[in-house]
Amino acid sequence: MSDVLTPGLRRRLEGVEGRYEELERKVSDPETTSDRNRIREVGQELSSLAPIVETIRSLREAERRLAGAQQLIEGDDADLRDLAREEVAELSARTGELTTRLRAQLVPRDPLDEKNVIVEIRGGEGGEEAALFAGDLYKMYLRYAERHRWKTEELSASRSEKNGFKEVIFKVAGRGAYSKLKFESGVHRVQRVPATETQGRIHTSTATVAVLPEAEEEDLVINEDDLKIDVYRAGGHGGQGVNTTDSAVRITHLPTGEVVIQQDERSQLKNKAKAMTVLRARLLARAQEEKDAKAGALRNAQIGRGERAEKMRTYNFPQDRLTDKRLGHNLSNLPRRMDGELDDLIEALMQSDEAERLAALESEAE
Numbered sequence: 049m050s051d052v053l054t055p056g057l058r059r060r061l062e063g064v065e066g067r068y069e070e071l072e073r074k075v076s077d078p079e080t081t082s083d084r085n086r087i088r089e090v091g092q093e094l095s096s097l098a099p100i101v102e103t104i105r106s107l108r109e110a111e112r113r114l115a116g117a118q119q120l121i122e123g124d125d126a127d128l129r130d131l132a133r134e135e136v137a138e139l140s141a142r143t144g145e146l147t148t149r150l151r152a153q154l155v156p157r158d159p160l161d162e163k164n165v166i167v168e169i170r171g172g173e174g175g176e177e178a179a180l181f182a183g184d185l186y187k188m189y190l191r192y193a194e195r196h197r198w199k200t201e202e203l204s205a206s207r208s209e210k211n212g213f214k215e216v217i218f219k220v221a222g223r224g225a226y227s228k229l230k231f232e233s234g235v236h237r238v239q240r241v242p243a244t245e246t247q248g249r250i251h252t253s254t255a256t257v258a259v260l261p262e263a264e265e266e267d268l269v270i271n272e273d274d275l276k277i278d279v280y281r282a283g284g285h286g287g288q289g290v291n292t293t294d295s296a297v298r299i300t301h302l303p304t305g306e307v308v309i310q311q312d313e314r315s316q317l318k319n320k321a322k323a324m325t326v327l328r329a330r331l332l333a334r335a336q337e338e339k340d341a342k343a344g345a346l347r348n349a350q351i352g353r354g355e356r357a358e359k360m361r362t363y364n365f366p367q368d369r370l371t372d373k374r375l376g377h378n379l380s381n382l383p384r385r386m387d388g389e390l391d392d393l394i395e396a397l398m399q400s401d402e403a404e405r406l407a408a409l410e411s412e413a414e
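Residues in the sequence shown are numbered from 49 upward in steps of one, following the working numbering.
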């Protein structure tokens with residue numbers, strides 16, 4: 049294998065190829081073919097390893113040819129030496145390309161990446177301005193989803209006096225939604241002259257964002273006996289039909305103490321369904337936390353306490369600067385970012401995350 053790959057990664061590649069060959073033998077094994085579930089399991093694992101093994105074998109062949117071309121350079125035939133030099137240049141580029149691809153393929157995919165998401169945004173420190181900023185973030189993500197042709201559905205919302213959001217919870221449905229939006233979790237800080245400011249002073253406010261993978265019913269089992277469900281008359285805005293019927297629902301998950309309140313719909317059944325969607329997502333995030341303390345979907349770690357010092361990202365409007373502490377550079381054109389043009393930012397965060405996970409993999413392999 050290429051010198052770019054560490055000895056530990058080389059050993060890992062040998063293990064991957066050995067496992068692939070073992071699975072190829074098992075496919076035709078009578079013990080496998082007689083068990084439908086076993087056939088599916090073997091087939092799925094074989095399919096997942098096939099692209100990596102193909103790259104391993106392509107790299108090995110390219111390196112074999114490269115070694116041969118390098119030997120010809122040392123020969124006596126001048127014409128062959130010139131041809132060999134050209135081939136060495138081409139094969140060196142090829143092995144570099146295959147090595148880069150292989151390193152990326154070795155990074156394990158997050159099994160939740162293809163899921164839809166539940167996004168929770170709450171105003172943090174800053175009073176009304178924080179609520180207005182939470183509303184701006186909500187609009188930003190709606191525009192981002194629209195650009196990707198994802199569907200959105202507001203699940204619940206609590207508006208502030210000036211039409212900002214104390215809290216808004218919404219669903220984003222689309223392929224790969226979690227793989228991109230999970231990097232938005234954390235405390236967002238804004239520095240600007242708010243609409244509520246009469247003397248032109250710059251204020252600093254925060255809003256918290258939690259991005260949770262949507263949990264299907266098969267992802268986790270919720271025991272009905274663990275739920276305390278209360279129904280009551282909805283309060284606040286919503287119209288006569290909402291406020292005069294017992295349509296609001298509060299679900300408490302007794303083992304964890306997680307509480308979800310839903311009152312936006314006129315129908316008690318619809319409110320219960322939406323509340324269960326949010327509850328299921330929160331419980332899945334908790335399960336991931338127990339499984340892996342470093343998982344990216346940890347709700348408590350994502351939200352923090354909403355204090356100004358706990359910023360994950362800062363939006364500085366006077367200087368037209370977006371600073372994400374996970375990146376080594378700033379971005380400009382905040383109006384464009386707030387209009388949902390986040391692809392370059394999220395792509396950079398994805399690449400940074402992949403590099404960190406690969407470094408951890410290499411360290412582990414050593």
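In this text, a Cβ means the ideal position worked out from N, Cα and C, and glycines have one as well.
Candidates the options: closest to residue i by CA position
i    : options                : result
F231 : R60, R249, I104, D158  : D158
L260 : E245, Q239, I217       : I217
R330 : T300, R59, D387        : T300
L332 : L57, E62, D124, L160   : L160
G175 : V238, A126, E135       : V238
W198 : S315, T143, G388, R88  : G388
N164 : V269, A263, T103, V136 : A263
V307 : K320, Q316, E313       : K320
S295 : E162, K318, R58, G248  : K318
Local conformation of residue i per DSSP, three classes
i    : result
F218 : strand
G234 : strand
A396 : helix
G123 : coil
S227 : helix
S140 : helix
D391 : helix
T244 : coil
Q310 : strand
I87  : helix
T148 : helix
E202 : strand
I104 : helix
G289 : At G289, the pLDDT of 43 sits below 50, so the modelled position is not reliable; the number obtained from the coordinates is stated separately. G289: helix per DSSP, three-state reduction.
E265 : coil
V167 : strand
Q239 : strand
R157 : coil
L379 : strand
T304 : coil
Boundaries (first-last residue) of the alpha helix (DSSP H) holding residue i
i    : result
L180 : 176-195
K373 : Element bounds for K373: n/a, residue is neither H nor E.
P55  : 55-75
E79  : 78-81
L382 : 382-386
First through last residue of the beta strand (DSSP E) which encompasses residue i
i    : result
L260 : 251-261
N211 : Segment: none, N211 is in no beta strand (DSSP E) and carries neither H nor E.
K276 : 275-280
N271 : From DSSP, N271 is part of no beta strand (DSSP E); its letter is neither H nor E.
Q) Is the region 132-152 touching the region 193-202, taking contact as three or more C-beta pairs under 8 Å? A) no
Q) Any chance the region 71-79 sits against the region 108-118, with 3 or more Cβ pairs inside 8 Å? A) no
Q. Taking one C-beta from the region 294-313 and one from the region 359-368 each time, how about it: are there three or more such pairs within less than 8 Å?
A. no
Q) Should the region 77-97 be regarded as contacting the region 113-130, the criterion being three or more beta carbon pairs within less than 8 Å? A) no
Q | At least three beta-carbon pairs within less than 8 Å, the region 220-235 to the region 246-261 | A | yes
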